[in-house]
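For the sequence shown, our numbering assigns the number 253 to the initial residue and increments by one for each residue that follows.
So the structure is just underneath, and the comments pick up after that.
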Amino acid sequence: MHTSLLATKFHIPHQRVDLVARPRLLEQLDSGLRDGHKLTVVCAPAGYGKTTVVTEWLATRHPNSTDPRARNIWLSLEEADDDVLRFMRYFLTAFRRADQSLGASALPMLEMPGMPPLTSMLDELLNDLATWDAPLLLVLDDYHVISDPQIHQALEYFLDHQPAATHLILTTRANPPLPLARMRARRQLTEIRVRDLRFTADEERAMFGLAKLPLAEDVLRRLDERTEGWAAGLQLAALAIQHQPDPAAFVESFRGS
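Here is the structure:
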């Protein structure tokens, strides 16, 4: 039976107005595309800015594309999507929303009595994508909510047969159960991890500058030690420091990691 889909799950999140530019991360993401990688995994615990970095990257790519058929596709996942039928319906619809020709024959297969194998549906989609020679980026945001082995197997099959113009990005709090080691060895994988997402001293300085809270260098260094570059911790500190008469003393007592 057909189920209504929530349209906002396909919306790319709006960028923050006080966003700190992080060109080094955008370059890492761009480099993966230039090198022909199939998959990008942005993996870190909550509060490290995974979604923010990816949305910033997509915003830089869209205006720079010389191909009007280039597409950025977004799908926000939640715990209810850890069901193979629901996941596939959203997954296929995400492509269909990008262009009506993508997934046109695969999506109706979900409604067939005695549903065909997932690989049959994916073959139909992959054949559509094989004729789509423009850049196509698909983001699955919060992939860590998925635990169904059938979904992981379907995604692995998709990656194994993914056309060159298609690139998949996962944001996740945990390593996905996909063949990352194999893809790493074959130079098919871009990885953005905690060590990359931690704010550098320059990025922390820029964050507090945007908040109109220029801190002394020794205070910034101490804050970096306290937060270990964790974006959420830095944001909490910025909010709290606005109301502190002595930022240095506050930072000494701050626990933001």
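The C-beta atom is built at its ideal place from N, Cα and C for all residues, glycine as well.
As the structure is a computational prediction, the values presented were derived from the model and not from experiment.
Nearest to residue i by CA position, among the options, is which residue?
| i | options | result |
| --- | --- | --- |
| L465 | A500, R447, M435 | A500 |
| T452 | N427, L257, R274, F262 | R274 |
| D351 | D333, L472, I325, L337 | I325 |
| L289 | L271, A437, L310 | Note on residue identity: the sequence assigns His, not Leu, to residue 289. The residue with the shortest Cα to Cα distance from H289 is A437. |
| L407 | L378, R425, A484, A417 | L378 |
| R425 | D394, A492, W384 | D394 |
| V269 | T304, A298, R450, Q440 | T304 |
| D470 | E504, N427, A259, L329 | E504 |
Can you give me the C-alpha to C-alpha distance between residue i and residue j, rounded to a whole angstrom?
| i | j | result |
| --- | --- | --- |
| A433 | L291 | 12 Å |
| R286 | E443 | 14 Å |
| F506 | S256 | 46 Å |
| F347 | D400 | 21 Å |
| R323 | H495 | 44 Å |
| V306 | F460 | 22 Å |
| F410 | A484 | 34 Å |
| Q402 | T371 | 11 Å |
| T418 | L389 | 6 Å |
| R313 | P360 | 32 Å |
Helix, strand or coil, according to DSSP, for residue i in the structure here?
| i | result |
| --- | --- |
| E376 | helix |
| A259 | helix |
| L271 | coil |
| I398 | coil |
| D393 | strand |
| L388 | strand |
| H266 | coil |
| L354 | coil |
| W482 | coil |
| E455 | helix |
| L441 | strand |
| T418 | strand |
| T383 | coil |
Please list, in chain order, all residues of the same chain as residue i whose beta carbon is under 8 Å from its beta carbon, the five residues on each side excluded.
| i | result |
| --- | --- |
| D319 | A386, P387 |
| E456 | L472, L475, D476, G481, L486 |
| L362 | L337, M340, R341, L344, M373 |
| S357 | E376, D380 |
| S283 | T442 |
| A492 | F502, F506 |
In chain order, what residues of the same chain have a beta carbon less than 7 Å from the beta carbon of residue i, not counting five sequence neighbours either side?
| i | result |
| --- | --- |
| V446 | A296, Y300 |
| A311 | Q267 |
| P429 | H404 |
Rounded C-beta distance between residue i and residue j? I'm assuming under 8 Å.
| i | j | result |
| --- | --- | --- |
| L392 | L327 | 5 Å |
| E308 | L271 | 6 Å |
| T479 | V294 | The Cβ separation is near 20 Å, so there is no contact. |
Going by beta carbon distance, what residues of the same chain come within less than 6 Å of residue i, once the five residues before and after it are set aside?
| i | result |
| --- | --- |
| M253 | Its pLDDT being 48, under 50, M253 is placed unreliably in this model, and the value from its coordinates should be taken loosely. There are no such residues. |
| L281 | W309 |
Is there a Cβ of chain B sitting closer than 7 Å to that of residue i, yes or no?
| i | result |
| --- | --- |
| S357 | You won't find chain B in this structure, because it holds only one protein chain. |
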